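Quick mapping for you: the protein sequence lines, in order, are chains A and B. Numbering-wise, the numbering used here comes out as the position in the first sequence, counting from 1, plus 51. Numbering-wise, the numbering used here comes out as the position in the second sequence, counting from 1, plus 3. The C-beta atom is built at its ideal place from N, Cα and C for all residues, glycine as well. Here the structure is a predicted model, which is why all the values come from computation and not from measurement.
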Amino acid sequence: MAEELKKVDVVIVGTGWAGGITAAELTKKGYKVVALERGKEQSREDFIGAKDELKYSIRYEMMQDLSKDTVTARSSMDETAKPVRNNNYARFGNDTGGASVHWNGVSLRWLPYDFEIHSQTVEKYGAKKIPENCTIQDWGVTYDDMEPYYDKFEKTAGVSGEENPVGPPRSDKYPNPPLKTTPSIELFKKASTNLGYHPYRLPAANMSETYTNPDGETINACMYCAFCEEYGCDFGAKGDPIVTVLETARKTGNFEIRNESTVTEVIHDGTKAIGLKYIDNITGAEYIQPADIVVLAGFVFTNNKLLLKSKIGKPYNPETQEGVIGKNFTGHFSNISTYIGARGFFDNEKWNLSMGTGALGAKVDDYAGDNVDHTDLDFLHGYEIRYYHLGQRPIDNNHVPEGTPAWGKEYKEKNLFYHNRSLIIRAKTAFLPNRYTYLDLDPTYKDELGDPLIRATVHYEEQDIKRAQHGVETCKEIMTEMGADIIDLVDVPDDVKFDSKFYTNHFLGGAIMGEDPETSAVNTYSQMWDMENLFVLGGSSFPHNSNHDPTETIGAFAYRASEGMIEYLGGEGGLLVEAKQTSKA
Amino acid sequence: MADNNNPKTESHDPGRRNFLKNTGLVVGGVAGGSLLGGLFTNQMKSDDGKKGTSDETAKVDPSHARVFFGRFEDFIVLAAATELIFPEDDNGPGAIGLDVPYYIDKQLAGTWGINGDDYRQAPFTNLEGLKKIQKDDEKVNHARANRGKIFLEGLRLMNAESMKRFDASFDQATEEQQHEIMGDLAEGKLDMKSTPSDAFFALLKQATLEGAFSDPLYGGNKNMDGWRMKEFAGARPSYADVIESEEFVKLDPISLTDYHRKK
């Protein structure tokens, strides 16, 4: 029997950006908040001297322990899903701060087009432009609604950046100037400019200078040490939840993180959530933590699994297209959205590629979202071209031109020669939702507690493949202009299928937001339509994926949701936004 | 004898490869194997200093002992295979000179060797199913056998194949013969029970590169020579002063032993 604990105002699953922002905002208002974190306790002290590629980048020290829980994956409904067994295929964050501690820091706003993708597409190109199985829908908010929350996130995380020449309007400049530049970044920018594109520096939550955020938290200046992606920051120089919002919450005296606490169920009475049931990983003891507001701020798989397991909301059915939980699962899938592009090998150039930081680089947004006219293109949405100078480490970077033997003298010679002489530019593409890409519970494989694993079925539609191929061509064009002696393409074949890799943390959907309870799980304050005191935050609420990284938008919506929770707790309860019935009369 | 400050010049040891070839003559005999274990250890340590030390054992790197590999015969095939992948050349030492075989031995004895961080619940994928998987590392992930078992099967198969084709153990075969077997392994042409042989090749290559380029604390990348060859500066605290440089900035590498000592 689970022991029932004393009720608190708010209980949260997860301590990443979504949970951390909620904790900071609610505790500042005097509410008592408990966060349940299944991973271990960690602080900035843990990252001092963490410059160990094998431990962090190859053996995945900061990622979820897959021996206890993982996901299963398949590329179509006809297949039997296989479990994702090794972290090389699943880099899910874990421990205090979650994935937000080892993120690169790329801090991008999404586009006005993203939030109104369905109506803007129909308005501009007509409804026939939307492919048959494509399930794009509006979010129920506009970019203008979200702009103040974006601004707040950027100031909390201390984003270093410069204005995007083709980006949406901003109410204020970035709180910090751009990071230092490098010769290879300048080469990318020059080549792009020569071709008529509009490159700009990647907005980075890596500090270009020491910075104090509006909550009074100080983040140190970046040292460009090149151990950023997959690492906690040695210097407290990355805007992450540990050095910002979790610290802000802690200082109020109203906040408690319970580590090693795996949430197994949302306890509810059918209309309201009562609390969260969890197991102490160390002792095995079970508890129920009751609260006035229950917040699911776990990763996309955690949130969906908890909703499905707790029988909240109607599970999505791809045959009938009824139900919502699990619907519109999307992501930056590695072989179609992220790790594609052009690698150039330069015989007469050599760069300091061992140096760098997470979001050091530049990008081109000319093909982002609906920035180009899609009338004559065979896909919707777009891609960005990106060059990163994040600091390449030696185990993970052994790039040789195609045709080089896989081992032996010539292999070694070229491996060493090109280590500081090859650059990759990548097309980061959107992935639009479709009827056959969704989440449900796996019928075969179980987690360590005996509960079903979550199953991802990911089907690539033709427009996703065309978009990616277009992106690779643009990478090739820019790399040619950059003057590489050899260019190898990381190509997208016509018959490419989902490769079961969850290599970025950019996986979205399943508990999506909208205006209509028939087609969405939460409203724009991330409040469940079916359960007014249950808020489901994070990437799980995104109805589709953009070419932009999701973190800043997750942060912005967490600020909006927190505002809603404060209003809910201070008022009469009820839904913060009334449902707009549109799909079913 | 070279001095301490220039380990690179010592890494070119033309005798090492001949040693590997010659030892094959008696490998297999209990006494021979036992004797060779000691010889191999001495051969693999670099003679980097301890000048004037009269105690011979002081020169032996105490980490040069096997923890995973019981049979010396397996270990010597591993050494030859890794050296074939990443050979000694004008740039510097190869896998043996970088202590890659000892690195792999230690890794196989730990969590990685038993897939301890992986999801390991059945059902697994059978050999036919594994052959249909595109990515080599994913074949290993879905195999029922753990990495340690795959390594032992793969190395013994390479050796047996060499005996069958050339009447010579793998480490004793000519470079051309070794290439032939490695080529068949890499193309998935050798029949293994645990996983397709191309997956074992990918595993072996990945482990070799890890041993060449990971921090020396794990027992490979001896003297940080792997990093020197790549001109990678290791666990440097900051590049803030030099990252904008137009020129390539060559810096001596720093290991975590040095970096942590400063705390």
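Burial state of residue i, where buried means 16 or more other Cβ atoms lie within 10 Å
i: V509(A); result: buried
i: H263(B); result: exposed
i: S200(B); result: buried
i: N129(B); result: exposed
i: R136(A); result: buried
i: E141(B); result: buried
i: N598(A); result: buried
i: E603(A); result: buried
i: G31(B); result: Residue confidence is low: G31(B) scores 43 on pLDDT, short of 50, so the model does not pin down where it sits. Its coordinate-derived value is still stated next. Exposed, because fewer than 16 other Cβ atoms sit within 10 Å of the Cβ of G31(B).
i: G119(B); result: exposed
i: A636(A); result: Legend: pLDDT at A636(A) = 38, less than 50; position of this residue unreliable, value from coordinates given subsequently. With fewer than 16 Cβ atoms within 10 Å of its Cβ, A636(A) is classed as exposed.
i: K179(A); result: exposed
i: R437(A); result: buried
i: G71(A); result: buried
i: G73(B); result: exposed
i: T177(B); result: exposed
i: K463(A); result: buried
Residue-level contact to chain A via CB, residue i, 8 angstroms cutoff
i: R74(B); result: no
i: F173(B); result: no
i: Y105(B); result: no
i: L1(B); result: Within the shown structure, residues of chain B are numbered from 4 to 266, placing residue 1(B) beyond reach of any answer.
i: D140(B); result: yes
i: L302(B); result: An answer regarding residue 302(B) cannot be provided, because it is not within the stretch 4 to 266 covered by chain B.
i: E164(B); result: no
i: T198(B); result: no
Cβ-Cβ separation, residue j to residue i (assumed contact under 8 angstroms), whole Å
i: W645(A); j: A609(A); result: Outside the modelled stretch of chain A, which goes from 52 to 636, sits residue 645(A), for which no answer is possible.
i: N155(A); j: L441(A); result: 6 angstroms
i: I516(A); j: I344(A); result: Wrong, their Cβ atoms sit about 42 angstroms apart, outside the cutoff.
i: F166(A); j: D189(A); result: 7 angstroms
i: G100(A); j: D285(A); result: 7 angstroms
i: N31(A); j: F89(B); result: The requested residue 31(A) does not occur in the structure, where chain A is confined to residues 52 to 636.
i: Y176(A); j: T426(A); result: 6 angstroms
i: A562(A); j: I376(A); result: 6 angstroms
Chain B within 8 angstroms of residue i, Cβ atoms only
i: W161(A); result: no
i: G459(A); result: yes
i: T121(A); result: yes
i: T455(A); result: no
i: S127(A); result: no
i: T66(A); result: no
i: C685(A); result: A query on residue 685(A) cannot be resolved here, the shown segment of chain A reaching from 52 to 636 and no further.
i: W402(A); result: yes
i: I446(A); result: yes
i: K328(A); result: no
i: S118(A); result: yes
i: Y338(A); result: no
Closer than 8 angstroms at the beta carbon, the chain B residues around residue i
i: P134(A); result: Y122 and Q124
Backbone CA spacing between residue i and residue j [nearest angstrom]
i: S197(B); j: K133(A); result: 18 angstroms
i: G459(A); j: A607(A); result: 51 angstroms
i: E91(B); j: G522(A); result: 40 angstroms
i: A255(A); j: P456(A); result: 38 angstroms
i: T56(B); j: I476(A); result: Only weak support is given to the placement of T56(B): the predicted model assigns it a pLDDT of 47, under 50, and the question is left unresolved by the model.
i: S165(B); j: A171(B); result: 6 angstroms
i: L159(A); j: A189(B); result: 42 angstroms
i: E213(A); j: S312(A); result: 40 angstroms
i: N485(A); j: P182(A); result: 9 angstroms
i: I246(B); j: G625(A); result: 54 angstroms
i: G267(A); j: T295(A); result: 9 angstroms
i: I325(A); j: N354(A); result: 17 angstroms
Neighbouring residues, chain A, relative to residue i (Cβ below 9 angstroms)
i: Y1(B); result: Any question about residue 1(B) goes unanswered here, given that chain B covers just 4 to 266.
Chain-ordered chain A contacts of residue i [CB-CB under 8 angstroms]
i: N3(B); result: Residue coverage of chain B in this structure runs from 4 to 266, which leaves residue 3(B) outside it and unanswerable.
i: A189(B); result: A457 and W458
i: I88(B); result: W458, G459 and Y462
i: L158(B); result: Here the premise fails: no neighbours, minimum Cβ distance about 15 angstroms.
Under 7 angstroms by beta carbon: chain B residues contacting residue i
i: D421(A); result: Chain B residues near D421(A): none, gap ~34 angstroms exceeds 7 angstroms.
i: L105(A); result: E213, S217, D218 and Y221
Chain B residues whose Cβ lies nearer than 9 angstroms to that of residue i
i: N155(A); result: Near N155(A) there are no residues of chain B at all, since even the closest Cβ is about 16 angstroms away, more than 9 angstroms.
i: T233(A); result: I246, E247 and S248
i: D550(A); result: Q137, K138 and E141
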